[in-house]
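Residue numbers (the numbering used here), protein chains in the order written: chain A, 405 to 535; chain B, 163 to 526.
Okay, structure coming up:
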């Protein structure tokens with residue numbers, strides 16, 4: 405695999421990325437997840453104010469072919485959701501790390517952040533997935 | 163470890179073009195190349211080339227070939243002229259669907275039956291059991307490759323490749339022997355996309371040559387390779403049934419909207435008595451098309467609800483890239499089958515609104 409992943413992000417085994425932005429965490433899915441999904445057609449997300457739990461489902465993302473669950477990288481309260489995805493879900497395909505972000509979370513437990521992988525670890529992890 | 167997956171003669175061509183290969187009915191098949199939406203659009207507006215060599219082909223020969231196949235299927239093969247094809251179901255004694263097939267009368271005493279990859283073993287066994295001993299037949303699925311060239315530019319691509327006039331003017335559901343790019347093949351004006359197009363049957367050994375010639379010549383006409391992902395969205399928009407989803411051994415042709423391929427009065431066939439009784443008893447449920455009016459995508463197996471109760475099940479569902487809506491098929495009680503009827507689709511515990519619409523969703 406020749407794709408490299410942004411160094412300024414942290415990653416989960418469920419292929420979400422997290423970026424620390426002050427006191428919130430911005431969350432999206434990785435280009436690996438995007439590749440697996442294909443054309444994204446619908447993203448189902450929580451409303452601002454809802455609580456999410458680390459490693460638990462917080463929403464669903466659908467491509468033409470399949471539906472996949474979205475898992476929160478950390479626990480906390482949803483601050484913001486990417487409203488642009490409602491009319492333009494393809495932003496997730498086009499730019500998963502910027503315009504295609506999903507939600508921001510105000511983490512309830514800073515310690516959980518330490519459980520995330522850095523880019524090098526994530527790349528190593530991906531290497532174990534494709535047989 | 164899963165059982166070893168079979169590969170078509172074109173598997174390396176797919177890999178070379180960056181296709182994503184996935185298991186399908188025991189085969190490793192390309193699900194997409196450039197992306198399902200792009201490929202879908204290519205077929206609707208230009209042309210797409212599919213490798214569907216995983217499908218099963220059975221050749222039945224001899225003076226009894228036509229009568230023998232006629233007894234195995236619900237449609238009337240006895241009047242099928244040489245060079246023509248028909249769509250049919252193949253039912254068991256109970257009148258339930260074993261498979262849907264296209265039957266081609268290639269020659270006076272040579273009939274080709276094309277079945278779904280997922281049913282190949284079943285259908286071959288069914289034929290073996292029910293064809294009389296004096297009727298030679300052969301499962302040629304491995305020896306034959308099948309390519310589908312589909313889309314409004316399909317004729318232009320064939321022309322550019324030097325196809326003769328009789329191929330270019332081949333009417334819908336006709337079949338003819340010809341040669342193309344130095345490859346001997348049967349060309350049929352059939353397909354599974356709702357577009358004009360051809361299906362090309364050649365020897366597996368010639369498949370790479372034909373595939374490359376088509377893609378090279380077709381490139382300037384916008385021809386692209388297309389995977390099974392777009393094949394599914396294309397067929398759904400055209401409301402073509404998918405075996406295992408919309409029809410199965412639990413369904414009969416009448417409720418599936420396929421009564422038009424059941425010819426009860428055209429000679430005996432397996433399942434005829436049961437189907438006659440089924441027809442006399444009347445339908446209880448019907449396969450209908452619906453589109454989502456709420457925000458959500460219906461998928462195979464999701465419950466269809468009305469007044470808080472489950473009344474049916476989604477058999478196929480996905481976004482319809484050309485129609486621009488989320489569409490689906492499912493069985494509902496007759497009382498709920500009328501166009502305009504509101505339904506609920508239960509999507510992961512949440513009921514989302516849908517409405518019964520007329521089909522096909524897309525018509526060229």
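Virtual Cβ for every residue (Gly too), placed ideally from N, Cα, C.
Can you tell me whether residue i is buried or exposed? The criterion is at least 16 other CB atoms within 10 Å of its CB, across all chains shown.
{"i": "residue 291 of chain B", "result": "exposed"}
{"i": "residue 524 of chain B", "result": "buried"}
{"i": "residue 303 of chain B", "result": "buried"}
{"i": "residue 299 of chain B", "result": "buried"}
{"i": "residue 421 of chain A", "result": "buried"}
{"i": "residue 393 of chain B", "result": "buried"}
{"i": "residue 331 of chain B", "result": "exposed"}
{"i": "residue 199 of chain B", "result": "buried"}
{"i": "residue 327 of chain B", "result": "exposed"}
{"i": "residue 528 of chain A", "result": "exposed"}
{"i": "residue 324 of chain B", "result": "exposed"}
{"i": "residue 201 of chain B", "result": "buried"}
{"i": "residue 427 of chain B", "result": "exposed"}
Look at the alpha carbon of residue i and the alpha carbon of residue j, and state the distance between them as a whole number of angstroms.
{"i": "residue 535 of chain A", "j": "residue 441 of chain B", "result": "Confidence at residue 535 of chain A is low in this model, with a pLDDT of 47, below 50, so the placement of that residue should be treated as unreliable; the coordinate-derived value is given next. Each residue's Cα considered, the two are about 52 Å apart."}
{"i": "residue 466 of chain A", "j": "residue 486 of chain B", "result": "15 Å"}
{"i": "residue 407 of chain A", "j": "residue 533 of chain A", "result": "15 Å"}
{"i": "residue 250 of chain B", "j": "residue 196 of chain B", "result": "33 Å"}
{"i": "residue 506 of chain B", "j": "residue 411 of chain A", "result": "45 Å"}
{"i": "residue 441 of chain A", "j": "residue 272 of chain B", "result": "44 Å"}
{"i": "residue 463 of chain B", "j": "residue 321 of chain B", "result": "43 Å"}
{"i": "residue 232 of chain B", "j": "residue 510 of chain B", "result": "44 Å"}
{"i": "residue 413 of chain B", "j": "residue 476 of chain B", "result": "14 Å"}
{"i": "residue 351 of chain B", "j": "residue 317 of chain B", "result": "10 Å"}
{"i": "residue 410 of chain B", "j": "residue 399 of chain B", "result": "20 Å"}
{"i": "residue 428 of chain A", "j": "residue 494 of chain A", "result": "25 Å"}
{"i": "residue 494 of chain B", "j": "residue 403 of chain B", "result": "16 Å"}
{"i": "residue 209 of chain B", "j": "residue 419 of chain A", "result": "35 Å"}
{"i": "residue 406 of chain B", "j": "residue 368 of chain B", "result": "31 Å"}
{"i": "residue 482 of chain B", "j": "residue 246 of chain B", "result": "31 Å"}
{"i": "residue 179 of chain B", "j": "residue 374 of chain B", "result": "11 Å"}
{"i": "residue 469 of chain A", "j": "residue 297 of chain B", "result": "42 Å"}
{"i": "residue 227 of chain B", "j": "residue 490 of chain A", "result": "57 Å"}
{"i": "residue 431 of chain B", "j": "residue 377 of chain B", "result": "42 Å"}
{"i": "residue 242 of chain B", "j": "residue 211 of chain B", "result": "28 Å"}
If distances are taken between C-alpha atoms only, which option among the options comes closest to residue i?
{"i": "residue 309 of chain B", "options": "B:466, B:438, B:347 and B:258", "result": "B:347"}
{"i": "residue 432 of chain A", "options": "A:478, A:515, A:468 and A:524", "result": "A:478"}
{"i": "residue 501 of chain B", "options": "B:519, B:299, B:437 and B:256", "result": "B:519"}
{"i": "residue 312 of chain B", "options": "B:382, B:394, B:262 and B:204", "result": "B:204"}
{"i": "residue 335 of chain B", "options": "B:267, B:214 and B:284", "result": "B:267"}
{"i": "residue 457 of chain B", "options": "A:495, A:474, A:454 and A:464", "result": "A:464"}
{"i": "residue 343 of chain B", "options": "B:332, B:355, B:362 and B:352", "result": "B:362"}
{"i": "residue 448 of chain A", "options": "B:512, B:522 and B:521", "result": "B:512"}
{"i": "residue 315 of chain B", "options": "B:379, B:295 and B:242", "result": "B:379"}
{"i": "residue 454 of chain A", "options": "A:471, A:507, A:424 and A:472", "result": "A:507"}
{"i": "residue 275 of chain B", "options": "B:239, B:175, B:431 and B:430", "result": "B:239"}
{"i": "residue 527 of chain B", "options": "B:430, B:492, B:216 and B:241", "result": "Residue 527 of chain B cannot be examined here, being either before or after the span of chain B that is shown, 163 to 526."}
{"i": "residue 235 of chain B", "options": "B:167, B:484 and B:277", "result": "B:277"}
I'd like to know whether the C-beta atoms of residue i and residue j end up nearer to each other than 9 Å.
{"i": "residue 516 of chain B", "j": "residue 490 of chain B", "result": "yes"}
{"i": "residue 459 of chain B", "j": "residue 446 of chain A", "result": "yes"}
{"i": "residue 415 of chain A", "j": "residue 523 of chain A", "result": "yes"}
{"i": "residue 345 of chain B", "j": "residue 338 of chain B", "result": "no"}
{"i": "residue 366 of chain B", "j": "residue 305 of chain B", "result": "yes"}
{"i": "residue 218 of chain B", "j": "residue 415 of chain B", "result": "no"}
{"i": "residue 261 of chain B", "j": "residue 387 of chain B", "result": "no"}
{"i": "residue 445 of chain B", "j": "residue 496 of chain B", "result": "yes"}
{"i": "residue 194 of chain B", "j": "residue 504 of chain B", "result": "no"}
If I follow the unbroken alpha helix (DSSP H) through residue i, where does it start and stop?
{"i": "residue 289 of chain B", "result": "282–292"}
{"i": "residue 467 of chain A", "result": "Careful: residue 467 of chain A lies outside any alpha helix (DSSP H), inside the beta strand (DSSP E) at 461–467."}
{"i": "residue 528 of chain A", "result": "523–531"}
{"i": "residue 233 of chain B", "result": "227–234"}
{"i": "residue 412 of chain B", "result": "Residue 412 of chain B -> no alpha helix (DSSP H), and no H or E assigned at all."}
{"i": "residue 379 of chain B", "result": "369–380"}
{"i": "residue 391 of chain B", "result": "390–399"}
Which first and last residues belong to the beta strand (DSSP E) in which residue i is found?
{"i": "residue 246 of chain B", "result": "Taken as a continuous stretch (DSSP letters only), residue 246 of chain B belongs to no beta strand (DSSP E), as it is neither H nor E."}
{"i": "residue 276 of chain B", "result": "272–277"}
{"i": "residue 454 of chain B", "result": "447–454"}
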